[in-house]
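See structure below.
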Amino acid sequence: MSDIQDKIKEEIDNAHSVCDINGSESPECAAAWDAVEELQAEASHQKQVKPKNSFEQYCDDNPEAAECRIYDE
1 MSDIQDKIKE EIDNAHSVCD INGSESPECA AAWDAVEELQ AEASHQKQVK
51 PKNSFEQYCD DNPEAAECRI YDE
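Structural data, given as structure tokens:
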């Protein structure tokens with residue numbers, strides 16, 4: 001998780017640099033901040049991963065168990 005946070009900080013620094021060079025109203029500045037927003041959204045989605053329930057954990061530990069079998073139709 002810290003890897004994406006490092007990337008977000010890097011993109012924020014990049015956005016500040018791009019906006020200082022091209023102006024805050026430039027398309028390049030807007031694109032740089034869009035990249036930051038995309039990374040922040042991805043970080044948020046990664047935090048929302050649903051934890052496995054006890055049955056899913058059991059099947060991960062015992063994939064050969066009868067109750068964990070998956071049949072193709």
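Here the sequence shown is numbered in full-length UniProt numbering, starting from 1 and rising by one per residue. Glycine is no exception: its CB is placed at the ideal position from the N, C-alpha and C atoms.
Per DSSP, the continuous alpha helix (DSSP H) segment holding Y58 begins and ends at 54 to 61. Judged by DSSP in its simplified three-state form, V18 adopts helix.
Per DSSP, K47 is one residue of the alpha helix (DSSP H) stretching across 27 to 47. Nearest in C-alpha terms to D34, of all of Q48, E56, C19, is C19. With 16 or more other Cβ atoms inside 10 Å of its own Cβ, E11 counts as buried.
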